[in-house]
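Before any comments, here is the structure.
Below you can see the structure in the form of structure tokens.
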């Protein structure tokens, strides 16, 4: 399985915005269209289409906040028909590695709707730990990046 994160361009835009999660998951993540609009408006978020076997299977969005020495993964979605194949895990690992290559990044944060057990399990298995904080109904999870020599 080869998973590649690609910028959202006119070549993959329609495919990206056409993706959706299961009906029962719709309250867990914003639509890709909303996320792309948010990235355009905030000017710092990095939206990426998750490609596997030359097709778009999901979406991830992240950014780095230099004033906080912190990376944020604000969105992760894998389309309903592509879930359970490891695409979300592979995409998360790539973003985590990108943050780790940034010497200024000391930690990574993400957030999860408490009812989204699958996402919470994924994030914790990758090394994220709950902070106990909530933001707009989402539980904050953090991964500290060890910079010791």
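In the working numbering, the protein residues as written are 1083 to 1231.
Ideal Cβ placement from N, Cα and C applies to all residues, glycine included.
Classify residue 1196: buried if its beta carbon has 16 or more other beta carbons within 10 angstroms, exposed otherwise. Numbered from its first residue, the chain shown carries residue 1196 at position 114. With fewer than 16 other Cβ atoms within 10 Å, it is exposed.
Please check the pair residue 1191 and residue 1137, which I expect to be a contact at CB under 8 Å, by giving their CB distance rounded to whole angstroms. Taking the chain shown and counting its residues from 1, the one referred to as residue 1191 is at position 109. Taking the chain shown and counting its residues from 1, the one referred to as residue 1137 is at position 55. Not really, about 30 Å apart at Cβ, beyond 8 Å.
Label residue 1161 either buried or exposed according to how many other C-beta atoms from any shown protein chain fall within 10 Å of its C-beta, with 16 as the threshold for buried. Position 79 of the chain shown holds residue 1161. Buried: at least 16 other Cβ atoms inside 10 Å.
As a quick exercise: from 1101, 1221, 1208, 1121, pick the residue whose alpha carbon is nearest that of residue 1174. Indexing the chain shown from 1 puts residue 1174 at position 92. The option with the nearest alpha carbon to residue 1174 is 1208.
Thinking C-alpha only, which one of 1120, 1124, 1139 is nearest residue 1102? Taking the chain shown and counting its residues from 1, the one referred to as residue 1102 is at position 20. The residue with the shortest Cα to Cα distance from residue 1102 is 1139.
So, at 7 Å on beta carbons, what are the nonlocal neighbours of residue 1119 in its own chain, with the 5 sequence-adjacent residues on each side left out? Here the question's residue 1119 lines up with position 37 in the chain shown. Within the same chain, residue 1119 has no close Cβ partners at all.
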